[in-house]
Amino acid sequence: MQHNHHARLQKRGNFCTVPDVGQGAPTFPSLPMVRSNPAPCTHTCAAASAPTAAPGPAAYKASFTQLAHRTCNDLSSVLTPTLDLSTMPRRCSSSVGGSVPGLAMAAAASWLLVVAAVLAGVADGQLQVGFYSSSCPGAESTVASVVRQAGSADPTILPALLRLQFHDCFVRGCDGSVLIKGGGGSAEVDNSKHQGLRGLEIIEGAKTQLEAQCPGVVSCADIVALAARDAVAFTGGPSFDVPTGRRDGKVSNLRDADALPDAHDGIGALRSKFRANGLDEKDLVLLTAAHTVGTTACFFLQDRLYNFPLPGGGRGADPTIPPGFLSELKSRCAPGDFNTRLPLDRGSGGVFDTSILRNIRNGFAVIGSDAALYNDTATVDVVDSYSGLLSNFFGPYFRQDFADAMVRMGSIGVVTGGAGEVRKVCSKFN
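For what it's worth, UniProt numbering labels the leading residue of the sequence shown as 1, then goes sequentially.
Right, here's the structure in full:
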């Protein structure tokens with residue numbers, strides 16, 4: 001049976017839609033992928049087609065399990081040569097688009113290159129989607145169940161879990177160091193930059209269940225990453241695959257958290273801190289947009305409302321805040337009020353959407369670091385690209401790109417392979 005020799009990946013932002021190329025059409029590996037609702041993607045991605053009438057290696061009957069990784073240049077796939085391609089999902093997300101011509105004789109060489117890349121990736125101890133599929137098959141579903149129950153009891157815990165991963169990854173990498181307690185106030189979590197950090201007990205609860213199922217297998221760092229992913233999905237955000245295989249770090253120092261982005265940071269400081277972790281201005285905007293479902297304490301607004309350095313000297317309110325919005329914020333956060341909480345996304349709190357980017361564009365950012373995104377050409381362009389009326393139709397596609405950014409953040413400074421440990425209790429070293 002002859003098939004289309006040049007099936008083309010239809011590019012949608014960082015996502016690709018694969019046309020129907022017919023049952024039995026061969027597939028080739030694509031670069032890192034994440035899953036996005038409502039596409040029923042698993043860990044496979046039909047990337048392209050080639051003429052099935054021509055002879056070729058057994059790779060024509062292979063599908064490739066995708067392992068999401070940090071960049072589009074990192075190929076990390078595991079060959080699964082027994083799957084029937086007729087069961088492959090037809091719609092997956094990928095970091096690449098384009099077309100793959102039907103070159104039957106090149107398939108063998110491509111297959112050998114993929115195998116070499118696979119072996120190299122496994123040897124390097126890279127993160128893998130489905131890392132626990134054999135060693136602890138219920139790991140991801142257990143974490144999802146714990147997060148779902150916690151979110152049902154208290155919906156505000158969901159954005160808190162997202163913040164928890166951000167705070168973990170931006171200090172020494174995604175190694176679970178933020179979970180360590182004790183040490184007479186010298187642990188990382190004791191730094192004032194972690195003010196109001198919540199959700200640690202959710203991670204510990206999931207860990208307790210997993211230790212009963214698979215003792216010493218699932219790291220606390222991976223639980224943090226999985227919980228953040230599930231929290232995004234349960235607030236109406238995208239669902240996506242999280243590569244796992246992190247080990248828990250063995251260091252937790254108070255002063256290390258000084259490097260965290262701050263609610264008062266200007267665009268220069270924010271850009272520098274993100275670049276130090278391998279992230280760019282687009283990642284900065286996308287990850288800040290997670291505030292669409294978050295809240296903040298008035299503690300983080302006191303300086304912006306009452307102690308902001310004014311151009312002519314003296315201190316007062318940030319002059320860039322629109323007068324009506326300033327009155328609104330002051331009515332919610334009186335001087336000296338550190339505990340009252342208010343939504344970071346004015347008018348759309350708790351709903352995962354791009355409303356916060358429109359608020360930033362229109363001057364209604366609640367905290368200073370959000371407002372700073374509209375003070376630089378590079379970040380202004382990114383904010384505008386996602387907050388336009390037509391972006392949902394013509395791209396860029398916020399939900400897909402947000403998922404990509406989450407995967408990139410989750411790969412910062414990970415400890416893998418023989419390094420680190422798998423803690424028995426997340427709040428203390430073994």
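For each residue, glycine too, the CB sits at the ideal point set by N, CA and C.
- Judged by their CB atoms, D283 and A221 are not nearer to each other than the 7 Å cut-off.
- By the neighbour-count definition (other C-beta atoms within 10 Å, threshold 16), A212 is an exposed residue.
- The DSSP-derived three-state label of L164 is helix.
- Counting the other Cβ atoms within 10 Å of the Cβ of D248 gives 16 or more, which makes it buried.
- Closest in alpha carbon position to D345, among N339, G336, N362 and F338, is N362.
- Note on Q195: under 16 other CB atoms within 10 angstroms of its CB, so exposed under the neighbour-count rule.
- Residue environment for E140: buried (at least 16 other C-beta atoms within 10 angstroms of its C-beta).
- In the three-state scheme derived from DSSP, where H, G and I count as helix and E and B as strand, F299 is classed as helix.
- By the C-beta density criterion, D154 is exposed, having fewer than 16 other C-beta atoms within 10 angstroms.
- The continuous stretches of alpha helix (DSSP H) do not include L342, which lies in the beta strand (DSSP E) extending over residues R341 to P343.
- Inclusion of A231 and L158 in the CB contact set at 7 Å is warranted, their separation being smaller than that value.
- Using a Cβ distance threshold of 7 Å, D318 and F308 count as a contacting pair.
- Residue C136 holds the alpha-carbon nearest to the alpha-carbon of P215 among C136, G185 and L329.
- In the same chain as A276, and ignoring 5 residues on each side of it, the C-beta atoms closer than 8 Å to its own belong to A259, in chain order.
- The segment 398–414 makes contact with the segment 241–255, as at least three CB pairs between them are under 8 Å.
- If you ignore the 5 residues before and after L310, its C-beta comes within less than 8 Å of the C-beta of G316 and P319, all in its own chain and listed in chain order.
- In the structure shown, the three-state DSSP call for V293 is helix.
- Contact between the segment 182–196 and the segment 394–411 is not established, with fewer than three Cβ pairs separated by less than 8 Å.
- Secondary structure of Q195 (DSSP, three-state): coil.
- For L179, no alpha helix (DSSP H) encloses it, and the DSSP letter there is neither H nor E.
- Closest by C-alpha distance to T235, out of G173, V224 and A290, is A290.
- No Cβ-Cβ contact shorter than 7 Å links T354 with S385.
- Classified as buried, G294 has 16 or more neighbouring CB atoms from the shown chains inside 10 Å of its CB.
- Taking C-alpha positions only, L342 is separated from V147 by approximately 23 Å.
- In this structure, DSSP gives D337 a state outside helix and strand, which the three-state scheme calls coil.
- Contact between F131 and T244 holds: CB atoms are separated by about 4 Å, below the 8 Å threshold.
- A distance of 7 Å or more separates the beta carbons of I202 and A144.
- Following the DSSP letters along the chain, one finds N359 inside the alpha helix (DSSP H) bounded by residues S355 to R361.
- Judged by their CB atoms, A365 and A371 are nearer to each other than the 7 Å cut-off.
- In this structure D381 is exposed. Its beta-carbon is surrounded by fewer than 16 other beta-carbon atoms within 10 angstroms.
- G316 has F308 as its beta-bridge partners, per DSSP.
- The beta carbon of N339 sits closer than 8 Å to the beta carbons of A297, C298 and F299 from its chain, once the five residues preceding and following it are set aside; these are given in chain order.
- The residues L342, in chain order, have a CB closer than 6 Å to that of R332 in the same chain once the five nearest residues on each side in sequence are set aside.
- Taking a C-beta distance under 7 Å as the contact criterion, A257 and E188 qualify as a contact pair.
- Counting only the Cα atoms, L254 lies some 10 Å from G184.
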